Amino acid sequence: MSQHAIERLYLMQVGSMPEYQIPIVCYLVQTGDGKNILIDSGLPESMPEGEADFENGQDVIEQLASIGLQPDDIDTVISTHYDIDHAGRHAVFTKALYVVQRVHHLDAASNPRFAANRPQWDQPMERIQLVDGDTELLPGLELIETSGHVPGHQSVLVRLPKTGAILLPIDAVPFSKGFTRDKQDDGSNPDAEAIRASTMKLLDLVEREHIGLVIFGHDQEQWEGLKKLPEYYE
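Residue 217 in the UniProt record's numbering is what sits at position 217 of the sequence shown, and the numbering runs on without skipping anything.
Written out as structure tokens, the structure is:
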């Protein structure tokens, strides 16, 4: 097995949205050559006025510390999108390279939806890697463009040596009940046609690749049965 191969996937709950009883989560991928790749960074320390009613839990920095990692140990932050519950702690990872879809980064620059969280995601361009569409970031770590929730949203496919492939749809499919070919738009996405196309794309991927585990972005019922840090998938 290549030393660059993906070895572990950690799941972290960093908060919740009590009104809807949903978890706010992020993920850590570790490779055989010691790279630490964070997928999203969760909620900010304090919520800007006017933002949704989130409740902070043990934040990403505390959880990383519990397995011996500091912010400077993070090599890469995969930013699935810039919503405040997914990119609220980006700025603390000062040595990381941020990876985001070009379409999303450009849209966010003028989209009021992302303005309150701009100090977190608007990092120097030399530390941002813009990708265009589906991209293999590393062997065993693939970014999948899944617009609809926001322009340029990306999901992540993680290939592990024992568990096999795990799909993280993030907000393209936040709940298991929505992962169906007859999915109906619930009105929560600005582009219903695109979110349906992204759902079909991920369903096709699961069938084609025989993916055994899909971890939905905010599914409390599923989340309760998953391994969470310090446990991991390998």
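For glycine and all other residues, C-beta sits at the position ideal for the given N, C-alpha and C. Note that this is a predicted model, so its numbers are computed, not measured.
Closest residue to residue i among the options (Cα-Cα distance)
i: arginine 118; options: Leu138, Gln70, Thr135 and Met47; result: Met47
i: leucine 203; options: Glu136, Ser176 and Pro112; result: Ser176
i: valine 158; options: Ala109, Gln222, Glu136 and Lys228; result: Glu136
i: aspartate 122; options: Gln154, Arg89 and Pro139; result: Arg89
i: lysine 228; options: Asp33, Gly34, Gly164 and Leu64; result: Leu64
i: alanine 197; options: Glu209, Gly178 and Lys35; result: Gly178
i: isoleucine 22; options: Glu224, Glu234, Asp182 and Ile78; result: Glu224
i: residue 262; options: Pro44, Asp33 and Pro112; result: Nothing about residue 262 can be read from this structure; the chain reaches only from 1 to 234.
i: threonine 199; options: Glu221, Asp219, Ile144 and Gly212; result: Ile144
i: alanine 115; options: Cys26, Ile61, Gln220 and Glu49; result: Glu49
i: glutamate 207; options: Ile61, Thr180 and Asp191; result: Thr180
i: isoleucine 61; options: Arg8, Asp182, Cys26 and Arg113; result: Cys26
i: glutamate 209; options: Gly140, Asp182 and Leu226; result: Gly140
7 Å CB neighbourhood of residue i in its chain, flanking five on each side removed
i: asparagine 189; result: Gly148, His149 and Ile195
i: glycine 57; result: Gln13, Val14, Gly15 and Ser16
i: glutamine 220; result: Gln21, Ile22 and Pro23
i: glutamate 19; result: Asp53
Proximity of residue i and residue j at Cβ, strictly below 8 Å
i: methionine 17; j: aspartate 40; result: no
i: isoleucine 128; j: tyrosine 98; result: yes
i: proline 161; j: glycine 217; result: no
i: histidine 104; j: glycine 42; result: no
i: leucine 167; j: valine 100; result: no
i: alanine 31; j: leucine 205; result: Looking at the sequence provided, one finds threonine at residue 31 rather than alanine. No, the Cβ-Cβ distance between threonine 31 and leucine 205 is not below 8 Å.
i: alanine 165; j: glutamine 120; result: no
i: aspartate 93; j: proline 71; result: Rather than aspartate, the amino acid found at residue 93 in this sequence is phenylalanine. Contact: yes.
i: leucine 69; j: asparagine 36; result: yes
Supposed contact pair residue j and residue i - C-beta distance, whole angstroms, cut 8 Å
i: aspartate 75; j: valine 14; result: About 20 Å separates the two Cβ atoms, so there is no contact after all.
i: aspartate 134; j: glutamate 142; result: 7 Å
i: residue 259; j: isoleucine 24; result: Residue 259 lies beyond the range of the chain shown here (1 to 234); nothing can be said about it.
i: threonine 146; j: alanine 108; result: Not a contact, Cβ separation roughly 16 Å.
Proximal residues to residue i (C-beta, below 6 Å), its chain only, five neighbours per side dropped
i: proline 230; result: Ile67
i: leucine 28; result: Tyr10 and Leu38
i: isoleucine 170; result: Thr80, Ser155 and Gly217
i: lysine 95; result: Asp72
i: threonine 163; result: Tyr233
i: isoleucine 211; result: Ala165 and Leu167
i: arginine 8; result: Gln30, Tyr232 and Glu234
Close Cβ partners of residue i (< 8 Å) along its chain, the five nearest in sequence each way excluded
i: arginine 102; result: Leu130, Val131, Asp132 and Gly152
i: lysine 201; result: Ile144 and Thr146
Alpha helix (DSSP H) segment containing residue i, residue limits
i: alanine 108; result: 102-108
i: isoleucine 61; result: 60-65
i: proline 119; result: 118-121
i: glutamine 220; result: 220-223
Residue interval of the beta strand (DSSP E) (run including residue i)
i: arginine 208; result: Note, arginine 208: premise wrong, no beta strand (DSSP E); alpha helix (DSSP H) at 192-209.
i: tyrosine 10; result: 6-17
i: isoleucine 39; result: 36-39
i: glycine 140; result: Neither: glycine 140 is in no beta strand (DSSP E) and is coded neither H nor E.
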